[in-house]
Amino acid sequence: MNQPIERTGQRTGAEQEPLLMNTLPNIALLGTGGTIASTASSATVLADYTVTEGIDDLLSAVPALSSLANIQCQQVFNVDSRNITHAMLLKLAAKVNRLLADPGIDGIVITHGTDTLEETACFLHLTIHSAKPVVIVGAMRPASALSADGPLNLYNAVLLAAHPDARDLGVLATLNDSVHAARFVSKTHTAQVNAFGSPGYGSLGQIHNGRLHLFQAPIKHPAETRFSLAGLKTLPWVDILYDHQDAGLHLYEAAIAAGAQGIVIAGSGNGSLSPQAQKGVRLAKKHHIPCVRSSRCGAGMVSASPDDARRGLIAAQSLNPQKARILLMLALTQTHDRATIESYFEQY
Ligand code: ASP
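Each residue of the sequence shown is one higher than the one before, starting from 0 at the first, in numbering that gives the first Met the number 0.
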């Protein structure tokens, strides 16, 4: 049954009693790095910092967590989130799925850099096979900062993961007292603590004064996701190409020559493509490479067009370019058929 925890950090929870002696939920806390685990040269430096803290340090910085859960922590990796690779994603997802299969684990909290948090959240959301809560959390200010937001964000994340109402909602993210669905959450500001939103869809609720208040539940979450990572050593390569006025063809040529198996275009407006992007799509079609039309707008749908099938395109629906890339990668682990991939974009 229990998958051994590779590195067990401080166990919090009612006076270090054995797990069975208290009724607190058992939460696995997985560290992956990010600003929440970073320190800078002084308390007023908020932008130049490096990852220095392990997950044990983050846990010990918030003694109040002991009133919420029995916590076992593991360091999965410890990097700025811009450095996360496909191999790391696969490692994290495999670990999360193993822990969730353990009847002794009630929920999971993952600390993560905010820059690519939505990509990891979306990836886990589409590959996790469990109703148990999985919560991703980060911080906008380093641990060394005046008014660092990491400790309270972490407290709220454990509160959320330990809460029965957080079951069956898919992967969740919490920062700045708000609760978001992985499917919709996005980083929308470069620096402020309210950097995360679910543009056009709204947050699911709030954590206020130590209590969870959920107001909506996402229906777009794969209770029985079709994607399985079993046996996968790597993920199909998918590039995102940003479209704009007077764009060139060369990025499409380069992506195809480099062996991209799929292309996501961050198009303008409702997934509109410049003339050269349209040429790029024709070139990709010749090489049997599916292209997804998404939008660089940051909010709103890209609606399917009757022309998409003929042109070899797939509408990203409500996924932004970075999330469309995750779904296209996962889709390509199963099929290269345009119509089938299109149906995944409608479903997920
Ligand atoms: N550079 C950080 C990262 O790892 C940003 C953050 O965590 O806020 O993504």
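We put the beta carbon where it would ideally sit given N, CA and C, even for glycine.
Straight-line Cα distance separating N77 from M328: 24 Å
Secondary structure, beta strand (DSSP E): runs of 3+ residues fully inside the stretch 23 to 109: 25 to 30, 37 to 39, 48 to 50 and 69 to 74
So, under 8 Å CB-CB, F226 and L125 are touching, yes? Tell me the CB distance rounded to an integer number of Å. 5 Å
Going by the C-beta, is S197 closer than 6 Å to any heavy atom of the ligand ASP? no
Straight-line Cα distance separating V291 from Y343: 12 Å
Sequence-distant residues of the same chain with beta carbon closer than 7 Å to E345, five excluded per side: Q316
Just to check my reading of the structure: V136 and L174 have Cβ atoms closer than 8 Å, yes? What is that Cβ distance to the nearest angstrom? 7 Å
Option in V61, G268, A68 and T334 with minimal Cα separation from N25: A68
Who are the near neighbours of D167 in its chain, counting only those whose CB is closer than 6 Å to its CB and skipping five residues on each side? A130
Taking just the CA atoms, how far does T334 sit from D47? 43 Å
Under the three-state reduction of DSSP, which class applies to Q9: helix, strand or coil? With a pLDDT of only 46 at Q9, under the threshold of 50, the placement of this residue in the model should not be trusted, and no figure is reported.
Using CA coordinates, which residue listed in L234, I218, F214 and P217 is at the minimum distance from K90? L234
V133: which of E223, S302, L231 and V108 sits nearest, CA to CA? V108
Quick one: grab the DSSP three-state call for Y200. coil
With a Cβ-Cβ cutoff of 7 Å, do G270 and S294 count as a contact? yes
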